[in-house]
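> In terms of UniProt numbering, the sequence shown has 109 at position 109, counting the first letter as 1, and numbering is strictly consecutive.
We put the beta carbon where it would ideally sit given N, CA and C, even for glycine.
Take this structure, written in structure tokens, and hold onto it; I'll ask about it next.
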Amino acid sequence: MPTSQHSVFENFLTLSRVMRGLFDQRAQEMGLTYARARLLATISRNEGATQTELAALLQIETPTLKRQLDALEAMKLAERRPSPVDARKYTIFLTGPARLVSIVRFREEIEAEMFEGIDTADIEATRRVLARMAENAEKIARQ
């Protein structure tokens, strides 16, 4: 394996570990588990999604999402509303207090700091490459 590929892989693992640690630390400061904070951040970017859609975005099972969502509702950070298009489903929204929780803004803050001094074209190229790498990794996982 060429050294440059190994270096990219190692850099990716390091970056992933550091980012997860920062996110987890912020979540703990707010009394949230990593999973609940991740769900809260996902809801903030996908308000009005159904439980099934959120579970798919997070790549978790719907019953797992339901338990996490129950906890967020008990904390008054998220709410289920009847779907306007399908009476059998609920759509998920942040509550007013959740909009004040810094975990919702944390991803954007960290991303802005991490990309400081990096050209916009490079950032877009990185997003495309990482998306392709994720697709390739999913193919490998299915084999």
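Among the residues of its own chain, which have a CB less than 6 angstroms from the CB of Gln-68, if the five just before and after it don't count?
Hits under 6 angstroms: Ala-35, Arg-36 and Leu-39.
> Helix, strand or coil for Leu-130 per DSSP?
Helix, per DSSP.
> In chain order, which beta strand (DSSP E) runs of at least 3 residues are fully inside the stretch 31-84?
Runs found: 78-82.
> If you count every other CB in all the chains shown that lies within 10 Å of the CB of Leu-32, and 16 or more means buried, which is it?
Buried is the call here.
> Which value, in whole angstroms, describes the spacing of the CA atoms of Pro-63 and Arg-20?
Distance between the alpha carbons of Pro-63 and Arg-20 is about 24 angstroms.
> What residues match up with Phe-93 in a beta bridge as DSSP calls it?
According to DSSP, Phe-93 bridges with Glu-79.
> Would you mind giving the Cβ-Cβ distance between Arg-73 and Arg-80, rounded to the nearest angstrom? I have them listed as a contact below 8 angstroms.
The amino acid occupying residue 73 in the given sequence is Glu; Arg does not appear at that position. Yes, Glu-73 and Arg-80 are in contact; Cβ-Cβ is about 7 angstroms, under 8 angstroms.
> Taking just the CA atoms, how far does Glu-108 sit from Gly-96?
Looking at the two C-alpha atoms, the distance is approximately 19 angstroms.
> Determine the DSSP secondary structure at Ala-87, reduced to helix, strand or coil.
Of the three classes helix, strand and coil, the one that applies to Ala-87 here is coil, per DSSP.
> Mark Ser-7 as exposed unless 16 or more other C-beta atoms lie within 10 angstroms of its C-beta, in which case mark it buried.
Answer is exposed; the Cβ neighbour count stays below 16.
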